[in-house]
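>
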Amino acid sequence: MFDTIIENLKDISNKIRFKDDIASLNKATTNLKKMLLKSDLHHKTTKELIAKIERDVKTTGIGQKNFISSLQKNLLDILQTDGKQGFVFSSKGVTTILMTGLQGSGKTTTVGKLAMYLKQRNKKVLISACDTQRLAAVEQLKQITDKLEIDLYFDENETNPVDIAKKADKKAKDELYDVHLIDTAGRLAIDDELMSELKKIKASIDPDEVFYVADSLTGHDATRTATSFHEKIGLDGVILTKFDGDNKGGVALSIAHQVNIPLRFVGTGENMPDIETFIPQRIVSRLMGQGDIEGLAEKTSAVIDEKKFKQVSMKIKKGEFNFDDFLEQMNMIKKLGSMKSMLSMIPGMGKMASQVANMDIENSTQMKNIKALISSMTKKERIQPSILNQSRKDRISKGAGLSIMQTNRILKQFKNASKMAKKLSGKNGKGIKSMIENMEGSSIPR
Ligand SMILES: Nc1nc2c(ncn2[C@@H]2O[C@H](COP(=O)(O)OP(=O)(O)OP(=O)(O)O)[C@@H](O)[C@H]2O)c(=O)[nH]1
Ligand SMILES: [Mg+2]
Numbered sequence: 099m100f101d102t103i104i105e106n107l108k109d110i111s112n113k114i115r116f117k118d119d120i121a122s123l124n125k126a127t128t129n130l131k132k133m134l135l136k137s138d139l140h141h142k143t144t145k146e147l148i149a150k151i152e153r154d155v156k157t158t159g160i161g162q163k164n165f166i167s168s169l170q171k172n173l174l175d176i177l178q179t180d181g182k183q184g185f186v187f188s189s190k191g192v193t194t195i196l197m198t199g200l201q202g203s204g205k206t207t208t209v210g211k212l213a214m215y216l217k218q219r220n221k222k223v224l225i226s227a228c229d230t231q232r233l234a235a236v237e238q239l240k241q242i243t244d245k246l247e248i249d250l251y252f253d254e255n256e257t258n259p260v261d262i263a264k265k266a267d268k269k270a271k272d273e274l275y276d277v278h279l280i281d282t283a284g285r286l287a288i289d290d291e292l293m294s295e296l297k298k299i300k301a302s303i304d305p306d307e308v309f310y311v312a313d314s315l316t317g318h319d320a321t322r323t324a325t326s327f328h329e330k331i332g333l334d335g336v337i338l339t340k341f342d343g344d345n346k347g348g349v350a351l352s353i354a355h356q357v358n359i360p361l362r363f364v365g366t367g368e369n370m371p372d373i374e375t376f377i378p379q380r381i382v383s384r385l386m387g388q389g390d391i392e393g394l395a396e397k398t399s400a401v402i403d404e405k406k407f408k409q410v411s412m413k414i415k416k417g418e419f420n421f422d423d424f425l426e427q428m429n430m431i432k433k434l435g436s437m438k439s440m441l442s443m444i445p446g447m448g449k450m451a452s453q454v455a456n457m458d459i460e461n462s463t464q465m466k467n468i469k470a471l472i473s474s475m476t477k478k479e480r481i482q483p484s485i486l487n488q489s490r491k492d493r494i495s496k497g498a499g500l501s502i503m504q505t506n507r508i509l510k511q512f513k514n515a516s517k518m519a520k521k522l523s524g525k526n527g528k529g530i531k532s533m534i535e536n537m538e539g540s541s542i543p544r
């Protein structure tokens, strides 16, 4: 997220010296303005930001430190809007969320992502299928909820979404769900009939929050359409989807300021873990090149089972790491979402994140081969890799559809990796330092 903006902000700030003159300040603000507009930041927001920085440094004095602190303070000002941050639970009973937005903006996918996010935090979630417009809408949600093992309320004989929402609302309350997420059909703000249907759903179930799901690829249109939905039905938060790929980032920075409701989440990919909370302080930290350690900790703590993590660490230390542990680790990593979004939260790793791009470890040939190999092993072989003799190797190679050479190579890599892990777990983290030094010279696979 924001890779280009972060790089450019660093360049611009670096060009200002310790104590400087007005000419270099003007040059810096002109460059900043150009860069922000190019990154799709709303022109009004850009103008305001520059004016505030110019006003600040006129009183504090021109110089790198003052420039950076003013930039930081005013960026935060722009991102902060009255309203809630991240996911907020109702103080009592079910937290009900009504999802709205244009067709294809990512509502249904986001409902699934939020459900997974909440399930990882041990919440009981109900999704209701209130899109009666699109034929395959219920089927799409069935697939998502089956995979995530989340409860779905649907009624394919009912054509009125208001009634479906009401029944689902009753079920959520009766059966003590923590959260009820309502998926609705895509619609335009100018479609009076569909907008009045949405108003009816809102009036009849009185949700805790109404979210507007906007496709960030539509650029400033996302801001415009969110504004008209806000005027017509009243919104409590925006979720920007499709923030992966070539996104320039500016829309995410200006939408809350322009619509006057907070940006709550950002969707960063098609898979279910690809969602991030949008917390202004953390975003500013990232923009200033300081990473987002807090966000990273929050993400990992929800996914990583601390007890298991400790057990595995012990095994690594003793050199007992086996294939079952490996599979378990891979599953944890999978739940964390894309490597790129994880790396971008670590201070100084922004560049690495853009190099890794959308590397899909999970679906790489290498990973598929390893998984095939492990699944042709017996239980004992997985736990005790040392018993793998030639005849066992022949058998598992055949089972996995790999040549004996491929099998030997994977087994050797596994052995080396567990040796390396054992070394790294040694005292003082010396091992980690040498690993990073080794990595710096190596290229990153694509
Ligand atoms: N790359 C990427 N794709 C996304 C993201 N969110 C949703 N999509 C994709 O966008 C397409 C539309 O998503 P849906 O969730 O079906 O959108 P919707 O708003 O429910 O659509 P309607 O119900 O037809 O109005 C799908 O192909 C999704 O995979 C995202 O954050 N990143
Ligand atoms: Mg949908």
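Numbering (this note's numbering), first residue to last: 99 to 544.
For glycine and all other residues, C-beta sits at the position ideal for the given N, C-alpha and C.
Just so we're clear, the structure is a prediction, and the values are computed from it rather than from any experiment.
To the nearest angstrom, how far is the alpha carbon of K298 from that of K171?
Here residue 298 is taken as the residue at index 200 of the sequence shown, counted from 1. Here residue 171 is taken as the residue at index 73 of the sequence shown, counted from 1. Going by the C-alpha atoms only, they are around 41 Å apart.
> Once you ignore the five residues that flank R480 on each side, which residues in its own chain have a CB closer than 7 Å to its CB?
Taking the sequence shown and counting its residues from 1, the one referred to as residue 480 is at position 382. The residues are N420, F421, D422, I472.
> Spatial neighbours of K478 within its chain, please: CB distance less than 8 Å, with the 5 preceding and 5 following residues excluded, ordered by chain position.
Position 380 of the sequence shown, counted from the first residue, corresponds to residue 478. Excluding positions up to five away in sequence, the list reads I485.
> Quick check on M443: buried or exposed, where buried means 16 or more other Cβ atoms within 10 Å of its Cβ?
As a position in the sequence shown, residue 443 is number 345, starting the count at 1. Per the 10 Å Cβ criterion, buried.
> What did DSSP end up calling F407 once you bin it into helix, strand or coil?
In the sequence shown, counting from the first residue as 1, residue 407 sits at position 309. Of the three classes helix, strand and coil, the one that applies to F407 here is helix, per DSSP.
> Just the C-alpha distance for S399 and R380, rounded to the nearest angstrom, thanks.
Counting from one through the sequence shown, the residue named residue 399 turns up at place 301. Counting from one through the sequence shown, the residue named residue 380 turns up at place 282. Taking the straight line from one Cα to the other gives about 17 Å.
> Please state whether DSSP places Y275 in a helix, a strand or coil.
The residue given as residue 275 occupies position 177 in the sequence shown. DSSP places Y275 in coil when its eight states are reduced to three.
> Could I get the ranges of all uninterrupted beta strand (DSSP E) runs contained in the stretch 292-337, with 3 residues as the minimum, in chain order?
Those beta strand (DSSP E) runs which fall completely within the stretch 292-337 and span 3+ residues are 307-313.
> Please specify which runs of the beta strand (DSSP E), each continuous and at least 3 residues long, are wholly inside the stretch 186-219, giving them in chain order.
Those beta strand (DSSP E) runs which fall completely within the stretch 186-219 and span 3+ residues are 193-199.
> Here's the rule I'm using: 16 or more other beta-carbon atoms within 10 Å means buried, otherwise exposed. How should E295 be labelled?
Residue mapping note: residue 295 aligns to position 197 of the sequence shown, counting from 1. Result: buried.
> Give the straight-line distance between the Cα atoms of M465 and M440, rounded to the nearest whole angstrom.
Start at 1 with the first residue of the sequence shown, and residue 465 comes out as number 367. Start at 1 with the first residue of the sequence shown, and residue 440 comes out as number 342. Spanning the two alpha carbons is a distance of roughly 20 Å.
> Using the three-state DSSP reduction, which class does E146 fall into: helix, strand or coil?
Residue mapping note: residue 146 aligns to position 48 of the sequence shown, counting from 1. If DSSP states are grouped into helix, strand and coil, E146 belongs with the helices.
> Return the chain-ordered list of same chain residues with a C-beta closer than 6 Å to the C-beta of G181, the five sequence neighbours on each side being excluded.
Residue numbering aside, residue 181 sits at position 83 when the sequence shown is read from its first letter. So the qualifying residues of the chain are I359, P360.
> How is T282 classed by DSSP in three states: helix, strand or coil?
One-based indexing of the sequence shown puts residue 282 at position 184. Strand, per DSSP.
> Inspect the beta-carbon positions of K211 and D276 and report whether they are closer than 8 Å.
Taking the first residue of the sequence shown as 1, we reach residue 211 at position 113. Taking the first residue of the sequence shown as 1, we reach residue 276 at position 178. It is not a contact, given that the beta carbons lie outside the stated cut-off.
> What do you get for L274, buried or exposed, if any count of 16 or more other CB atoms within 10 angstroms of its CB means buried?
Taking the sequence shown and counting its residues from 1, one reaches residue 274 at position 176. Under this definition L274 is an exposed residue.
> So L246 and A270 are in contact, right, with Cβ under 8 Å, and what is the actual spacing, rounded?
Within the sequence shown, the letter at position 148 stands for residue 246. Within the sequence shown, the letter at position 172 stands for residue 270. Not quite, the Cβ-Cβ distance comes to about 17 Å (not below 8 Å), so this is no contact.
> If we require 4 or more residues per run, which alpha helix (DSSP H) segments fall completely within the stretch 105-165?
With a minimum length of 4 residues, the continuous alpha helix (DSSP H) runs that stay inside the stretch 105-165 are 120-136, 141-158.
> Over the uninterrupted alpha helix (DSSP H) stretch that includes E396, give me the two end residues.
For the purposes of this step, residue 396 is taken as the residue at position 298 of the sequence shown. Note, E396: alpha helix (DSSP H), 391-401.
> Kindly confirm or deny that the stretch 306-319 and the stretch 330-348 touch, where touching means at least three C-beta pairs closer than 8 Å.
These segments touch.
> Mapping DSSP to helix, strand and coil, what is L471?
As a first step, residue 471 must be located in the sequence shown, where it is residue number 373. Three-state DSSP puts L471 in a helix.
> Go ahead and pull the three-state DSSP assignment for R232.
In the sequence shown, counting from the first residue as 1, residue 232 sits at position 134. DSSP places R232 in coil when its eight states are reduced to three.
> Between the C-alpha atoms of I103 and N129, what's the straight-line distance to the nearest angstrom?
Sequence index remark: in the sequence shown, residue 103 carries index 5 (1-based). Sequence index remark: in the sequence shown, residue 129 carries index 31 (1-based). Taking the straight line from one Cα to the other gives about 12 Å.
> Whole angstroms are fine: how far does the CA of T207 sit from the CA of H328?
Taking the first residue of the sequence shown as 1, we reach residue 328 at position 230. Taking the first residue of the sequence shown as 1, we reach residue 207 at position 109. C-alpha separation (whole angstroms): 22 Å.
> In whole angstroms, what separates the C-alpha of S326 from that of F363?
By 1-based counting over the sequence shown, the position of residue 326 is 228. By 1-based counting over the sequence shown, the position of residue 363 is 265. Cα to Cα, S326 sits roughly 20 Å from F363.
> For S383, which beta-bridge partners are listed by DSSP?
In the sequence shown, counting from the first residue as 1, residue 383 sits at position 285. Bridge partners of S383: none, in fact.
> Measure the alpha-carbon distance for T230 versus P305 and round it to whole angstroms.
What you label residue 230 is simply residue 132 of the sequence shown in a count that begins at 1. What you label residue 305 is simply residue 207 of the sequence shown in a count that begins at 1. Taking the straight line from one Cα to the other gives about 19 Å.
> So the beta strand (DSSP E) L98 belongs to, where does it begin and stop?
Here the chain has residues from 99 to 544 only, and residue 98 is not among them.
> Less than 8 Å between the C-beta atoms of L233 and Y251, yes or no?
Residue numbering aside, residue 233 sits at position 135 when the sequence shown is read from its first letter. Residue numbering aside, residue 251 sits at position 153 when the sequence shown is read from its first letter. No, the pair does not count as a contact, with Cβ atoms beyond the cut-off.
> Alpha carbon to alpha carbon, how far is E256 from F100? Give it in angstroms, no decimals.
As a first step, residue 100 must be located in the sequence shown, where it is residue number 2. As a first step, residue 256 must be located in the sequence shown, where it is residue number 158. Distance between the alpha carbons of F100 and E256: 44 Å.
> How many angstroms separate the CA atom of N369 from the CA atom of K520?
As a position in the sequence shown, residue 369 is number 271, starting the count at 1. As a position in the sequence shown, residue 520 is number 422, starting the count at 1. So the two alpha carbons sit approximately 33 Å from each other.
> Could you tell me whether the Cβ atoms of D138 and V349 are closer together than 8 Å?
Taking the sequence shown and counting its residues from 1, the one referred to as residue 138 is at position 40. Taking the sequence shown and counting its residues from 1, the one referred to as residue 349 is at position 251. Taking 8 Å as the Cβ cut-off, D138 and V349 qualify as a contacting pair.
> Measuring only from the beta carbon, is T339 closer than 7 Å to any heavy atom that is part of ligand 1?
Here residue 339 refers to the residue found at position 241 when the sequence shown is read from its first residue. Under cutoff, so the answer is yes.
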